[in-house]
Amino acid sequence: MSLKGKTAIITGSNSGIGLGVAHELARAGADVVLNSFTDTDEDHKLAEDLGREHGVTARYIKADMSKGEECRHLIEAAGACDILVNNAGIQHVAPIDEFPAEKWDAIIAINLSSAFHTTAAGLPMMRKAGWGRVVNIASAHGLTASPYKSAYISAKHGIVGMTKTVALETAKEPITANAICPGYVLTPLVESQIPDTAKKYDMSEEEVKEKVILERQPSKEFATVEQIGGTAVFLCSDAAAQITGTTISVDGGWTAL
Ligand code: NAD
């Protein structure tokens, strides 16, 4: 499968799943645009190294995915948008009656509304190019719930709904929209939850990984960023041209329970 000549924009891609997806798309030949809101030398170097490693054009564009106009600017500044991976995401864990309103607003903005803005800006470019792929990084929490993650779960269920809607609106065009639903992947987003959970349950961090985090993941293994990236490459392939409006779980059996 060659994605040579395609430009992929991956939101929130200076770490974790986004960076892993960028690597796999670049390995398949796509030119990539990395994004975050930080704009550090390290961000630019990540793009430089990635481009050199895979022999593709890789750029870094700063845009804060909590701001609608910056989401749209990212797509416009990229100049092409054949593959759009909506990946940027944050988490906050608290009971709903103690959930800080500003955290709710930030999670809905970054994990859900950003994908509305990027998709709205990206679809006209896909139509002009006569080909397009929208790949939304949802979550097992887009299909099931857990306590204390009301904003995240609402955003992830929302993005699954948006994926279906975009698929229907583009059904007669050579454009697809799908969501990948990862179970737990060991990235900074998950690692940051471990110390507090260890304190809460009086466990070691290793015990937290095995007994708390992977409790609902029947394989008892974390999914990897390469596996999520490989799934994105598949969704961009010709074999997936009739796959649209659906979710693909990469969750070690979580949603089979
Ligand atoms: P991560 O913390 O490693 O990455 C999050 C990315 O989002 C980073 O690149 C960060 O710079 C970016 N980001 C955060 N706020 C941003 C903003 N305002 N503007 C632009 N970029 C911003 O976490 P991750 O685990 O790689 O998460 C990536 C996506 O995968 C998220 O949508 C997350 O919900 C989803 N996901 C993760 C897991 C998991 O177990 N790690 C499971 C299911 C779904």
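So for the sequence shown, our numbering puts the first residue at 11; every next one is plus one. Beta carbons: idealized from backbone N, C-alpha and C, even for Gly.
For residue i, three-class secondary structure by DSSP
i      : result
Leu13  : coil
Lys159 : coil
Ala139 : helix
Cys91  : coil
Asn121 : helix
Asp41  : strand
Lys72  : strand
Thr256 : coil
Cys81  : helix
Val145 : strand
Ala111 : helix
Residue i Cβ short of 7 Å to the ligand NAD heavy atom set
i      : result
Asp74  : yes
Ile204 : no
Cys228 : Here residue 228 is Pro; the residue named in the question, Cys, does not match the sequence. Incorrect: Pro228 has no Cβ contact closer than 7 Å to the ligand NAD.
Thr257 : no
Thr234 : no
Val268 : This structure cannot speak to residue 268, because the chain is shown only from 11 to 267.
Ile100 : yes
Gly22  : yes
Tyr70  : no
Val195 : yes
Val170 : no
Check: residue i C-beta below 7 Å from any heavy atom of the ligand SAH
i     : result
Phe47 : Of the ligands this structure carries, namely the ligand NAD, none is the ligand SAH.
Contacts around residue i, its chain only, beta-carbon distance under 6 Å, and the 5 residues preceding and following it disregarded
i      : result
Thr17  : Asp41, Ala90, Asp92
Ala88  : Ile19, Val43
Val66  : Ala36, Asp41
Arg226 : Trp264
Asp49  : Lys72
Ala155 : Ile163
Own chain partners of residue i with C-beta closer than 7 Å, once the 5 adjacent residues on each side are dropped
i      : result
Ala242 : Val31, Glu34, Leu35, Val95, Val145, Ile190
Gly262 : Gly193, Gln227, Pro228, Ser229, Glu231, Ala233
Same chain only: Cβ atoms within 8 Å of residue i, ignoring 5 sequence neighbours per side
i     : result
His83 : Ala73
Glu58 : Ala68
Check whether the segment 157-177 touches the segment 195-215, counting contact only when three or more Cβ pairs, one atom from each stretch, lie closer than 8 Å.
Flag = no, the segment 157-177 and the segment 195-215 do not touch.
For the structure I just gave you, are there three or more beta carbon pairs, one from the segment 158-173 and one from the segment 120-131, closer than 8 Å?
Output reads yes: the segment 120-131 touches the segment 158-173.
Are three or more beta carbon pairs between the segment 238-257 and the segment 136-156 nearer than 8 Å?
Cβ pair count under 8 Å is three or more, so yes.
Could you tell me whether the segment 102-114 touches the segment 151-159, using the rule of 3 or more Cβ pairs below 8 Å?
Yes, they touch.
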